[in-house]
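Asker:
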Amino acid sequence: MKLIQCWIEHPIRKLDQTFAYLSDVQAEQGARVEVPFGHGRAVGFVESCIDTDETAEQLKARLGFSVKKIIRVLDESSLITPELHDLALWMKEQTLSTAISCFQAMLPGKVKPISSKQKILFEKFVRLSEKTAELTPKELEAYLYVKQAGEISYHDLRQKYPGQAHALVVKNAIDVFEKEKAAQDHPVCCRSLPFALSAQQKHAMEEIEGSDDPVYLLHGATGSGKTEIYLQLAEKALKKGKQVLILVPEIALTPQMIDRVAARFGTALAIYHSGLNAQQKYEQYRRVMNGKAEVVVGTRSAVFLPFHDLGLIVMDEEHDTSYKQENQPSYHCRDVAIWRGKFHHCKVILGSATPSLDTYARALKHVYHLIVMKDRINQSLPEVTIVSMKDSIRHGDSYILSQQLKQKIHERLIRNEQVILLLNRRGYNTQLRCRRCGEVITCPHCDLAMSYHREEGRIKCHACGYEMIRPKICPKCGSSEGFLTLGFGTERLEQEVHACFEGVRTLRMDADTTSRKDSHEKILASFGRHEADILLGTQMIAKGLDYPNVTLVGVINGDDGLKHTDFRSCETTFDLLMQAGGRSGRGEQNGEVVYQVFDPDHYAVQCAAHQDYVSFFQNEMLFRRAGQYPPYTYLIALTVIASDQKYADHLALKIKNEISGNFKVIGVISLLKIQDRVRSRILLKGKNLEEMRNAVQYFIDHTDTDLKGLRIDVNPLTLD
Ligand code: ADP
Ligand code: ZN
Ligand code: ZN
Numbered sequence: 088m089k090l091i092q093c094w095i096e097h098p099i100r101k102l103d104q105t106f107a108y109l110s111d112v113q114a115e116q117g118a119r120v121e122v123p124f125g126h127g128r129a130v131g132f133v134e135s136c137i138d139t140d141e142t143a144e145q146l147k148a149r150l151g152f153s154v155k156k157i158i159r160v161l162d163e164s165s166l167i168t169p170e171l172h173d174l175a176l177w178m179k180e181q182t183l184s185t186a187i188s189c190f191q192a193m194l195p196g197k198v199k200p201i202s203s204k205q206k207i208l209f210e211k212f213v214r215l216s217e218k219t220a221e222l223t224p225k226e227l228e229a230y231l232y233v234k235q236a237g238e239i240s241y242h243d244l245r246q247k248y249p250g251q252a253h254a255l256v257v258k259n260a261i262d263v264f265e266k267e268k269a270a271q272d273h274p275v276c277c278r279s280l281p282f283a284l285s286a287q288q289k290h291a292m293e294e295i296e297g298s299d300d301p302v303y304l305l306h307g308a309t310g311s312g313k314t315e316i317y318l319q320l321a322e323k324a325l326k327k328g329k330q331v332l333i334l335v336p337e338i339a340l341t342p343q344m345i346d347r348v349a350a351r352f353g354t355a356l357a358i359y360h361s362g363l364n365a366q367q368k369y370e371q372y373r374r375v376m377n378g379k380a381e382v383v384v385g386t387r388s389a390v391f392l393p394f395h396d397l398g399l400i401v402m403d404e405e406h407d408t409s410y411k412q413e414n415q416p417s418y419h420c421r422d423v424a425i426w427r428g429k430f431h432h433c434k435v436i437l438g439s440a441t442p443s444l445d446t447y448a449r450a451l452k453h454v455y456h457l458i459v460m461k462d463r464i465n466q467s468l469p470e471v472t473i474v475s476m477k478d479s480i481r482h483g484d485s486y487i488l489s490q491q492l493k494q495k496i497h498e499r500l501i502r503n504e505q506v507i508l509l510l511n512r513r514g515y516n517t518q519l520r521c522r523r524c525g526e527v528i529t530c531p532h533c534d535l536a537m538s539y540h541r542e543e544g545r546i547k548c549h550a551c552g553y554e555m556i557r558p559k560i561c562p563k564c565g566s567s568e569g570f571l572t573l574g575f576g577t578e579r580l581e582q583e584v585h586a587c588f589e590g591v592r593t594l595r596m597d598a599d600t601t602s603r604k605d606s607h608e609k610i611l612a613s614f615g616r617h618e619a620d621i622l623l624g625t626q627m628i629a630k631g632l633d634y635p636n637v638t639l640v641g642v643i644n645g646d647d648g649l650k651h652t653d654f655r656s657c658e659t660t661f662d663l664l665m666q667a668g669g670r671s672g673r674g675e676q677n678g679e680v681v682y683q684v685f686d687p688d689h690y691a692v693q694c695a696a697h698q699d700y701v702s703f704f705q706n707e708m709l710f711r712r713a714g715q716y717p718p719y720t721y722l723i724a725l726t727v728i729a730s731d732q733k734y735a736d737h738l739a740l741k742i743k744n745e746i747s748g749n750f751k752v753i754g755v756i757s758l759l760k761i762q763d764r765v766r767s768r769i770l771l772k773g774k775n776l777e778e779m780r781n782a783v784q785y786f787i788d789h790t791d792t793d794l795k796g797l798r799i800d801v802n803p804l805t806l807d
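With the sequence shown counted from 1, adding 87 to any position gets you this note's numbering.
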C-alpha cells in the first residue's frame, strides 16, 4: 500500500493542510487524485506518496482517524514540475494564501483540479497503413503526400485532397489515429536580423554579460533600444540550448513586441496570455513542458509555465500594474520571475522607462544591478508643451481641446502625419446630475457614478459593468427636468475632434470599441496603415506602440489621476504622461507632446515634461517618507468582502483585535461598495515584512473565527 498526502481543492482557509489517503498505485508529486471527502468527492494534488507496511487498522490506531482510499489517480505523470511545486509552497508563504490556490493559479484552466472533467482535445491524424490498396492516380498522389509527411492531421489532408482523403481511409491505405491537439506555430512574416548595437546598447550588453548579478534594472528611455537588448540576450541564451521567457503587460497592446520576437526567432516562439482559450493554453503549456517552445512571450501567468531550462527572463515595462494579480493569491509576477531566475541560475532583466519606485529604490541600494540608457536610438526626445487648462478655459477656449493643441493637430493634418490623443476615460460624459434634486445617478450595485455612453444611448457602471438605457426621469426624485452632464470621455472627445477638423479620419480605442476578440489588433493595424489620421483612446494606447508617422501626442486631462487619494496616484500619473510621450516621434521626424492639465506646476507633470525620471523619483520619495508609505514601509491589506456591512465590520474588527506586533494596525476602514459587495479593511504598516507576515499567519492558524470573505494582499499596489 501507498500512503498519500494531498492538498484538497477547497476554498476554506481552515483546510489549508494535507490530508492522508491510501492508494494501491503510485502517484507522482503534483499529480491530481480524486478522493472521497466529507460526504462527496474532491480533487487533490499529491504532496507525497510513500510505501507503507501498515494496515488501515494500524494506521487508524496510530493517526487517530480512519484513512480512506483514494478513488483514482487522474494524471499518470504530474503536470507540475518539482520546481513549480516548490514555487507554489513559497508563494503560499509570501502571499499568505492557501496552497491549493497557488497550484490553481499556476495551471491552465483545463488541468486545474476543479475542471478535471474538462476534456483535453484530441485531433485525428493519419499515416500509411501496412496494407496495400488499389488507388486511382489522384488517390496515389494523396497517398504519396501522406508518405512524404510521415504523419499529418486528417484535417489538413482533407483540405488538400478533399475527394481522396476519405477514400484512402475506406481502402485501408492509411490509418487514422488520435493525437492530443498541439498548438499551431506562430506564423512568421519575415525574418529580421539583429542590429549592430549603438554605443549605449553595447555598454549595457557588456555590463549585463560581464556581471554575475542575478537581477538587472534596465532603465532606458522609450525608444532607447531596450527591446533589441532583450532580443540579443535571448539569442545568446538560445544558442546555449536554453529557454527564454519574455513577459509583457498585455499582449493585445503590444503586438509589435510579438512581431519583433517572431521575426527574430521564428517558430520556436510560444505566446501565452489570458485571451487564449483553455485548450490553447493547455497546448502551449505542453509545448513548453516538452521543450518545443524555446521562446515564450506572455503575460503574467506565463511566469508559471513549466520551463525545464531557462536561460533568460525579461520583464518588459516592469512597473505595469497588470503584473500584480488582484485575486487570491495576489502575487506579483516580478517576485515569481526573480524566484525562478534564481532556481534556473539565469539572469532576470527588468526593463522600463519609468521603473516602479520600489524597483528603482532597490536598484539604488544595489539589490538590483542598475543599467541606464538615456538616449533614444534615432532621435532626440520629443518636445513637450504643458497647457494649463485653467488658463485655457479662462480665455474662453474649449474645455476639451485647447487652442494650442488644436493648432498643432492642424499642422500635422496638413503635413499628412498622424496624431495620438489620450484621454483616460471612456464614454461621453462621466456623470449625469439631476437638474431638480442635484443627485448624481449612481450604480445600483456600486457606490459609483454611472457614465453616459451616447452612441448606445445607455449609462454604464465602469466598475461592475452594469448598464441600462439612459433614464428620462430622475431615479431619485422622479423629476423630468433632465440632467446636467459632467466630465467627458473618449466618445465626447472624438465628437469634438470631428467638429474641429472637418473630414478628419479617426479611430477610437477603449473598452467599448475593443470588446470583440482581435479588435485591438484590427484598430492598431488600421492605424499603422494610415487609414486614420488620429488615434484616440484610453491608457491602452499609451503602452508600447511604435508608429513612425506619429509626430504629435496629446494627453487630455493628463493630471486627472492626481485627484485620487491613493498613495501611488502621483506615480501612475507620471507613468502615464511619460509613456504617452514615448509614442511620439519614433520615426524620422521629431516628435511633439502636449499635456493638457489643471495643475501645471505639479512635480509629476513637470518631471514628465522634462522626461526626468530621477527628479520625479527624488520628489516622490520625499512624499512617501513623509507619509511613511512604501518603499519606506511595507503594507499588508486585510479586506473582508461580504454582502452584509455588519458582518464585514465585525470580522474586520475581530481581526484587528487579534493581530498585533511591532507594526501599525490601521482601520477598520469602509471602502466603496462594488458589485453589491461591501468591503471593510484593516491595513498593517511596518518596517519588517517578515514579522508582519508571521503575525498574520499565526492569526490564521490559531483563530477560531471563520474567515469567510477575508482577502489578503501583501504589498498591495492600490488601496482603493
Ligand atoms: P525600446 O524597447 O527601448 O522602446 P526599441 O528596442 O523598440 O526601444 O528601439 C527603438 C527603435 O530603434 C526601434 O524601431 C528599433 O527597431 C530601433 N533600433 C533598436 N536598436 C537599434 C540599433 N542598434 N540600430 C538601429 N536601430 C535600432
Ligand atoms: Zn432628481
Ligand atoms: Zn456598478
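Glycine residues also receive a C-beta, built at the ideal position from the N, C-alpha and C atoms.
State the Cα-Cα distance for the pair Q705 and D646, rounded to the nearest angstrom.
Answerer: By 1-based counting over the sequence shown, the position of residue 705 is 618. By 1-based counting over the sequence shown, the position of residue 646 is 559. If I take the Cα positions, the gap works out to 19 angstroms.
Asker: Can we count S567 as close to ligand 2, meaning its CB is less than 7 angstroms from some heavy atom?
Answerer: Reading the sequence shown from its first residue, position 480 is the one you call residue 567. Because no heavy atom of ligand 2 lies under 7 angstroms away, the Cβ of S567 does not count as near it: no.
Asker: What span of residues does the alpha helix (DSSP H) with Y108 cover, start to end?
Answerer: In the sequence shown, the residue the question calls residue 108 occupies position 21. Taken as a continuous stretch (DSSP letters only), Y108 belongs to no alpha helix (DSSP H), being part of the beta strand (DSSP E) at T105 to S110.
Asker: Is the beta carbon of S671 less than 8 angstroms from the beta carbon of P469?
Answerer: For the purposes of this step, residue 671 is taken as residue 584 along the sequence shown, with counting starting at 1. For the purposes of this step, residue 469 is taken as residue 382 along the sequence shown, with counting starting at 1. Yes, they are a contact pair.
Asker: Where M779 and R387 are concerned, what is the direct C-alpha to C-alpha distance, given to the nearest angstrom?
Answerer: On the sequence shown, position 692 is the one that residue 779 refers to. On the sequence shown, position 300 is the one that residue 387 refers to. Cα to Cα, M779 sits roughly 26 angstroms from R387.
Asker: Under 8 angstroms, do V801 and L183 count as touching if we go by C-beta distance?
Answerer: Sequence index remark: in the sequence shown, residue 801 carries index 714 (1-based). Sequence index remark: in the sequence shown, residue 183 carries index 96 (1-based). Yes, the Cβ-Cβ distance between V801 and L183 is below 8 angstroms.
Asker: Are the CB atoms of V701 and I621 nearer to each other than 8 angstroms?
Answerer: In the sequence shown, residue 701 corresponds to position 614, counting from 1. In the sequence shown, residue 621 corresponds to position 534, counting from 1. Their beta carbons are not under 8 angstroms apart, which means V701 does not touch I621 by this criterion.
Asker: When you get a sec, list the residues whose CB is within less than 5 angstroms of any heavy atom of ligand 3, chain order please.
Answerer: Any residue whose Cβ sits closer than 5 angstroms to a heavy atom of ligand 3 makes the list: C530, H532, C533, C548, A550, C551 and Y553.
Asker: Report the option in Q371, K234, L215 and H290 whose CA atom is closest to the CA atom of A260.
Answerer: Here residue 260 refers to the residue found at position 173 of the sequence shown. It is L215 whose Cα lies nearest to the Cα of A260.
Asker: Which partner residues of Q683 appear in the DSSP bridge assignment?
Answerer: The count along the sequence shown starts at 1 and reaches residue 683 at position 596. Answer is V474.
Asker: Taking the alpha carbon of R711 as the point to measure from, which residue in V765, S747, D653 and G748 has its own alpha carbon closest?
Answerer: As a working mapping, residue 711 is identified with position 624 in the sequence shown. Out of V765, S747, D653 and G748, D653 has the C-alpha closest to the C-alpha of R711.
Asker: Here's the rule: buried if 16 or more other CB atoms are within 10 angstroms of the residue's CB, otherwise exposed. What is V335?
Answerer: Walking along the sequence shown from the start, residue 335 turns up at place 248. So V335 counts as buried.
Asker: To the nearest whole angstrom, what separates the beta carbons of D462 and Q287, a pair I think is in contact under 8 angstroms?
Answerer: In the sequence shown, counting from the first residue as 1, residue 462 sits at position 375. In the sequence shown, counting from the first residue as 1, residue 287 sits at position 200. Yes, D462 and Q287 are in contact; Cβ-Cβ is about 6 angstroms, under 8 angstroms.
Asker: On the three-state DSSP scale, how would you describe I787?
Answerer: To locate residue 787, count along the sequence shown from 1; it is residue 700. The answer is helix: DSSP assigns I787 an H, G or I state.
Asker: Return the bridge partner residues of V160 from the DSSP annotation.
Answerer: Numbered from 1 along the sequence shown, position 73 holds the residue referred to as residue 160. Bridge partners of V160: V120.
Asker: Mind the definition here: the region 390 to 404 touches the region 313 to 332 only if three or more C-beta pairs lie below 8 angstroms; say whether that holds.
Answerer: They touch, by the three-pair rule.
Asker: Considering only their Cβ atoms, is the gap separating R768 from G754 smaller than 8 angstroms?
Answerer: If you number the sequence shown from 1, residue 754 lands on position 667. If you number the sequence shown from 1, residue 768 lands on position 681. The answer is yes: Cβ separation under 8 angstroms.
Asker: Are there 16 or more other CB atoms within 10 angstroms of the CB of I628, so buried, or fewer, so exposed?
Answerer: Position 541 of the sequence shown, counting from 1, holds the residue named residue 628. Buried, by the Cβ-count rule.
Asker: Identify which residue in Y553, L709 and E163 has its Cα closest to the Cα of C530.
Answerer: Translated into positions along the sequence shown, residue 530 becomes position 443. Residue Y553 is the option with its Cα nearest to C530.
Asker: With DSSP as the reference, please indicate the residues paired to F264 in a beta bridge.
Answerer: As a position in the sequence shown, residue 264 is number 177, starting the count at 1. Bridge partners of F264: F212.
Asker: Could you please give me the residues that DSSP links to N516 through a beta bridge?
Answerer: Working through the sequence shown from its first residue, we reach residue 516 at position 429. Paired residue(s): Y539.
Asker: Given the structure, does K559 come close to ligand 2, in the sense that its CB is under 7 angstroms from one of the ligand's heavy atoms?
Answerer: Against the sequence shown, residue 559 aligns to sequence position 472. Not under cutoff, so the answer is no.
Asker: Let me know the secondary structure DSSP gives V257 once reduced to three states.
Answerer: Stepping through the sequence shown from its first residue, residue 257 is reached at position 170. If DSSP states are grouped into helix, strand and coil, V257 belongs with the helices.
Asker: Relative to ligand 1, is the shortest distance from any of its heavy atoms to the C-beta of F282 smaller than 7 angstroms?
Answerer: In the sequence shown, counting from the first residue as 1, residue 282 sits at position 195. Yes, ligand 1 has a heavy atom inside 7 angstroms of this Cβ.
Asker: To the nearest angstrom, report how far apart L770 and N744 are at their CA atoms.
Answerer: The residue given as residue 770 occupies position 683 in the sequence shown. The residue given as residue 744 occupies position 657 in the sequence shown. If you take the alpha carbons of L770 and N744, they lie about 13 angstroms apart.
Asker: For E581, verify whether its CB is less than 7 angstroms away from any heavy atom of ligand 2.
Answerer: Numbered from its first residue, the sequence shown carries residue 581 at position 494. For ligand 2, not one heavy atom lies less than 7 angstroms from the Cβ of E581.
Asker: What residue from G624, A612, P562 and V591 has the CA that sits closest to T600's CA?
Answerer: Here residue 600 refers to the residue found at position 513 when the sequence shown is read from its first residue. Here the closest residue by C-alpha is G624.
Asker: Please report the Cβ distance between T105 and E141, rounded to the nearest whole angstrom; I am assuming they are in contact, meaning their Cβ atoms lie under 8 angstroms.
Answerer: Walking along the sequence shown from the start, residue 105 turns up at place 18. Walking along the sequence shown from the start, residue 141 turns up at place 54. Not confirmed; about 18 angstroms, so no contact.
Asker: Measuring only the C-alpha atoms, how far is Y515 from E543?
Answerer: Taking the sequence shown and counting its residues from 1, the one referred to as residue 515 is at position 428. Taking the sequence shown and counting its residues from 1, the one referred to as residue 543 is at position 456. Straight-line Cα distance between these residues: approximately 10 angstroms.
Asker: Is R427 near ligand 2, going by C-beta to nearest heavy atom under 7 angstroms?
Answerer: Along the sequence shown, read from residue 1 onward, the residue named residue 427 stands at position 340. Because no heavy atom of ligand 2 lies under 7 angstroms away, the Cβ of R427 does not count as near it: no.
Asker: Can you tell me whether L617 is buried or exposed, with buried defined as 16 or more other CB within 10 angstroms of its CB?
Answerer: Along the sequence shown, one-based indexing puts residue 617 at 530. The sequence shown places His at residue 617, not Leu. Result: exposed.
Asker: Could you spell out where the alpha helix (DSSP H) holding M402 opens and where it closes?
Answerer: As a working note, residue 402 is residue 315 in the sequence shown. No alpha helix (DSSP H) holds M402; the beta strand (DSSP E) holding it covers L397 to D403.
Asker: Per the DSSP calculation, W94 is bridged to which residue(s)?
Answerer: Sequence index remark: in the sequence shown, residue 94 carries index 7 (1-based). T105 and F132, per the DSSP bridge assignment.
Asker: Taking only the alpha-carbon atoms, compute the straight-line gap between K199 and R128 and give it to the nearest angstrom.
Answerer: To locate residue 199, count along the sequence shown from 1; it is residue 112. To locate residue 128, count along the sequence shown from 1; it is residue 41. Annotation note: pLDDT 48 at K199 (below 50); position unreliable, coordinate value reported separately. Their Cα atoms are separated by approximately 15 angstroms.
Asker: With distance defined between alpha-carbon atoms, name the residue in Y634, S656, Q491 and I99 nearest to Q676.
Answerer: As a working note, residue 676 is residue 589 in the sequence shown. The shortest C-alpha separation from Q676 is found at Y634.
Asker: Between the beta-carbon of A691 and the beta-carbon of C657, is there less than 8 angstroms?
Answerer: By one-based count along the sequence shown, residue 691 stands at place 604. By one-based count along the sequence shown, residue 657 stands at place 570. Contact flag set, yes.
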